[in-house]
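Numbering-wise (our numbering), the sequence shown opens with residue 279 and increments by one.
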Amino acid sequence: MRRERIAPVVRIFLATSFLVGVAAFLWLGSGSQTSTPASAATFQITVGNNWFCDSSFQNGDCELEVAVGDEVTWLFDSAVTHTTTECTGACGSVIGDPGSRLWDSGPMTSGILSQSFDTPGVFQYQCNIHPTQMRGTIIVSGGAPPTLPAPPSPEPSATATSVPTSTPVPAPTSTPPGMRGDVNGDGGINAIDAALVLQFSAGLLPALPSFDRADVNGDGSVNAIDAALILQFSAGLLTTL
């Protein structure tokens with residue numbers, strides 16, 4: 279009986295088919311782990327007869343604290359025409375060009391106006407028709423904490439100091455070429471190493487035992503190309519990695 283050898287092109291096809299099947303399996307598995315980011319909150323401020331929020335704030339300041347990304351909605355429910363106009367730095371008097379402010383509803387008796395806040399800060403607003411009676415403040419928190427100044431350096435002492443000696447730093451060792459592709463470090467290069475690479479590239483693994491060994495082609499990233507090279511090497515289609 280004659281024994282026939284499998285042509286290299288057939289071996290490449292088989293290795294590639296295996297890789298595609300593993301990648302599809304990992305992709306389907308990763309879909310159930312996708313999380314949905316929390317949505318921003320929405321706050322409502324009622325615009326009544328000469329007040330914001332409620333009647334207790336007539337001639338006062340209605341204060342609201344929100345987080346970065348939140349949305350504030352003003353609901354107009356009044357028989358008298360009012361506005362909600364951002365007035366930071368110019369509150370208490372009619373603003374001649376309200377369109378230049380961060381927001382301005384214009385005169386309204388009903389309807390809504392919504393404004394999102396993407397940066398932290400303190401934002402004041404008023405009714406541009408009744409600026410002394412209707413005022414409000416929105417405090418947007420959630421920004422980066424302020425940077426504290428560095429402490430002052432101590433004054434140098436008058437005592438003599440010894441000359442510091444430098445400690446030689448050993449040169450970093452590189453991964454031996456023969457071990458490239460041995461992702462799990464078990465001394466062999468096979469489909470298990472390729473599966474680890476695919477799981478990492480699909481987001482199913484937070485880290486790899488050795489990123490350098492997984493980056494077979496040395497392009498600085500670990501993906502399905504590296505897994506394909508590992509499979510081709512383990513199938514005998516490549517002599518080195």
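Note that beta-carbon positions come from the ideal geometry of N, C-alpha and C, so glycine has one too.
Distance from the CA of Ser317 to the CA of Val346, rounded to the nearest whole angstrom, comes to 12 Å. Three or more beta-carbon pairs separated by less than 8 Å link the stretch 379-398 to the stretch 347-356, which places the two stretches in contact.
Residue pairing from DSSP places Gln322 in a beta bridge opposite Thr351. Setting aside the 5 residues that flank it on each side, Met386 is surrounded in the same chain by Phe354, each with a C-beta closer than 6 Å to its C-beta; the list follows chain order.
Taking the Cβ atoms as the reference, Ala472 lies roughly 5 Å from Leu509, within the contact range of under 8 Å. Around the beta carbon of Thr361, 16 or more other beta carbons lie within 10 angstroms, which makes this residue buried. In the three-state reduction of the DSSP assignment, Val475 falls in the helix class, which pools H, G and I. According to the DSSP secondary-structure assignment, Asp382 is paired through a beta bridge with Thr363. Rounded to the nearest angstrom, the gap between the Cα atoms of Thr363 and Gly399 is 16 Å.
In the DSSP assignment, Ile416 is bridged to Leu342 and Phe401. The count of Cβ pairs closer than 8 Å, one atom from the stretch 469-486 and one from the stretch 404-421, stays below three, leaving the stretches out of contact. With a cutoff of 8 Å on beta-carbon distance, Ser371 and Pro409 are scored as near each other. Per DSSP, reduced to three states, the secondary structure at Gln336 is coil, with no helix or strand assignment.
Excluding five sequence positions before and after Ser512, the CB atoms of its chain that fall closer than 7 Å to its own CB belong to Ile467, Asn468 and Ala469, given in chain order.
DSSP places Gly466 in the coil class of the three-state scheme, outside both helix and strand.
Here the alpha carbon of Thr320 sits roughly 20 Å from the alpha carbon of Gln404. Close CB contacts of Arg491 within its chain, under the 7 Å cut and outside five residues either way in sequence, are with Thr453, Met457, Arg458, Gly459, Asp460 and Val461 (chain order). In this structure, DSSP gives Phe395 a state outside helix and strand, which the three-state scheme calls coil. A direct Cα-Cα distance of roughly 5 Å separates Asp504 from Val494.
In this structure, the alpha-carbon of Thr517 lies about 11 Å from that of Leu507.
Taken atom to atom, the span from the alpha-carbon of Val358 to that of Phe401 is near 24 Å. Straight-line measurement puts the Cα of Gln477 at about 36 Å from the Cα of Asp348. Counting along the chain, Ile508 sits inside the alpha helix (DSSP H) bounded by residues Ala502 to Ser512.
Rounded to the nearest whole angstrom, the CA to CA distance from Ile407 to Gly414 is 14 Å.
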